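Single-structure report; data block below.
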Amino acid sequence: MDVIEQLRTTLPAGTVVTDPAVLQACRADRSGHVSPGTPLALVEATSIQDVQAVCRIATATGTPVVSRGAGTGLAGGAIAGDGEIVLSTLAMTGILEVSVANRLAVVQPGIFNGELNRALAEHRMWWAPDPASKDISTVGGNIAMNAGGLLCAKYGVTREAVLALKIVLADGRLISVGHRTVKGVTGYDLCALMIGSEGTLGIIVEATLKLRPLVAGTVSTMAAYVDHVDVGASLAAKIGAAGLQPAMMELLDRRSLLCLGKHIGQELTRRGNAYLLIQCDGPAAGEEAAAIMEIIHAAGARAESTTDEATAQAWVEVRRQVLPSLEAAGTLLVEDVSVPRDAMAAMFAKITELEEKYGLIIPTTAHAGDGNLHPSFVFQGAEVPEAVWDAAGELFGHALELGGTLTGEHGIGVLKKRWLGVELGDTQLMLQRQIKAVFDPHGILNPGKVLDPLGAGAAAA
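So this is what it looks like as structure tokens:
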């Protein structure tokens with residue numbers, strides 16, 4: 004009996020999909036990367052038992068498994084190829100528990116981030132991770148990639164908002180990691196290890212999330228146009244140095260404004276060559292906003308502010324349209340580096356240098372509150388030009404020289420695998436490969452992503 008027959012015999016009717024069009028879609032994600040081959044089948048799991056059954060069959064037959072949510076990743080972390088099973092948890096959308104007293108929710112991995120928060124609002128609670136793709140990305144995907152977003156500077160990345168996980172291992176065993184309690188320091192923190200592991204160590208089938216009460220007070224939102232992106236980066240650094248903590252601080256350069264303006268039908272660069280969007284929340288939001296406006300005006304920048312919810316939502320939504328506007332401009336390679344906050348201007352300068360050196364167009368946005376930049380290489384055609392890869396390599400190298408990191412929120416996937424050792428070094432890279440081998444000794448979970456397999460004899464080295 005072949006693998007597909009075993010899956011169909013074991014799983015509920017209709018769970019195993021082999022439609023060519025569906026499998027074709029599983030070869031790609033939002034990164035633009037496409038696997039060179041076509042997977043065997045898509046399994047649309049609806050329960051933990053389904054996931055366990057797939058992993059048992061995969062281990063018994065030596066068949067690779069690629070776990071997948073909504074396919075909105077930007078690093079090629081969930082694309083599947085020849086001979087692989089795509090294990091989708093998109094149909095597992097339940098909210099199993101909401102405990103206001105314990106400030107937690109227990110959910111299945113397929114629920115969309117935005118959908119979850121709309122449901123939690125009824126309890127006057129919310130889950131802090133806020134990626135720009137929150138209405139189309141799943142909680143399981145957020146956790147697997149340790150997603151970031153617009154609110155990270157104040158509320159942290161996904162890792163800070165997860166208490167516990169249920170994980171199905173490569174051989175089908177189910178483990179629970181983490182704690183429901185506020186405190187818990189028993190043993191190694193395997194929950195934190197699983198967050199951001201990109202489907203290479205196990206498959207997330209349930210998550211206990213750390214919730215926050217809805218933020219009280221009036222939200223103050225500011226929009227500032229400046230003459231150059233360096234000015235915006237400097238303003239962001241000054242705001243942080245002043246001890247102010249906005250919930251959101253987003254910076255867009257001139258090229259981003261040009262693409263965004265064309266997409267929404269507005270000539271945004273008439274007001275400035277860079278744009279800084281800032282939002283303060285909490286009881287002290289008004290005072291913080293006033294102090295921020297003083298800093299902006301002292302720098303000679305033009306700014307407006309609002310406490311009107313509809314206006315603020317419109318401004319923030321425009322920021323969320325940046326990626327769609329860039330996708331409309333051509334083929335994208337969306338990058339993701341983080342540097343210390345006071346090094347953002349130097350990173351923007353390097354990006355301009357790379358544009359001139361390689362003749363490229365690299366619109367760049369930044370989560371300016373935490374130093375996370377997204378340079379997006381725009382080109383025509385399906386294949387990434389060699390000049391883009393060369394420029395990306397220089398970009399990564401410069402970020403590391405500035406004390407930064409290869410990725411702040413998008414993960415490694417296939418996109419940055421070749422540079423991972425540059426940041427980690429040989430010893431740490433080997434340790435991580437050894438960890439992978441402990442959880443997935445046969446190398447069947449998301450092969451080809453993040454780490455190369457451990458070589459023969461290396462585990463004992």
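Take the sequence shown: its position 121, counted from the start at 1, is 124 in this note's numbering, and no numbers get skipped.
Heads up, the beta-carbon is just placed ideally off N, CA and C, and yes, glycines get one too.
In this text the structure is predicted, and so the values were computed from the model without any measurement.
For proline 42, the closest alpha carbon among the candidates Ala31, Ile51 and Thr49 is that of Ala31. In the three-state scheme derived from DSSP, where H, G and I count as helix and E and B as strand, isoleucine 146 is classed as helix.
Where lysine 169 is concerned, the enclosing beta strand (DSSP E) starts and stops at 165 to 171. In the displayed model, proline 327 falls within a helix according to three-state DSSP.
Linking alanine 245 to glycine 289 through their CA atoms gives a straight-line distance of about 16 Å.
In the same chain as leucine 405, and ignoring 5 residues on each side of it, the C-beta atoms closer than 8 Å to its own belong to Val342, Pro343, Ala346, Ala349 and Met350, in chain order. Cβ contact annotation for threonine 368 (same chain, cutoff 6 Å, sequence separation greater than five): Leu255, Ser259, Val325 and His377, in chain order. Counting only runs of at least 4 residues, the region 274 to 360 fully encloses the following alpha helix (DSSP H) elements, listed from N- to C-terminal order: 288 to 301, 312 to 323 and 325 to 330. The distance from the Cβ of leucine 336 to that of alanine 390 is about 11 Å, inconsistent with a contact at the 8 Å cut-off. When secondary structure is reduced to three states using DSSP, arginine 11 falls in the helix class. Between the beta-carbon of cysteine 194 and that of aspartate 373 there is about 23 Å, and that puts the pair past the 8 Å contact cut.
Closest in alpha carbon position to alanine 44, among Ala61, Met433 and Ala122, is Ala61.
Secondary structure within the region 351 to 411: the beta strand (DSSP E) runs of 3 or more consecutive residues, fully enclosed, are 367 to 370 and 375 to 382 (chain order). In this chain, the alpha helix (DSSP H) harbouring tyrosine 158 covers 155 to 158. For glycine 416 against glycine 76, the beta-carbon gap comes to about 7 Å, under 8 Å, which counts as contact. Annotated as proximal: serine 223 and aspartate 284, with beta-carbon spacing under 9 Å. If you look at glutamate 201, you'll find it isn't in any beta strand (DSSP E); DSSP assigns it neither H nor E. Sequence-distant Cβ neighbours of alanine 240 in its own chain, meaning closer than 6 Å and more than five residues away, are Arg344 and Asp345.
If you ignore the 5 residues before and after glycine 97, its C-beta comes within less than 6 Å of the C-beta of Gln111, all in its own chain and listed in chain order.
Annotated as proximal: phenylalanine 115 and valine 142, with beta-carbon spacing under 9 Å. The region 160 to 170 makes no contact with the region 349 to 363; the number of CB pairs closer than 8 Å stays below 3.
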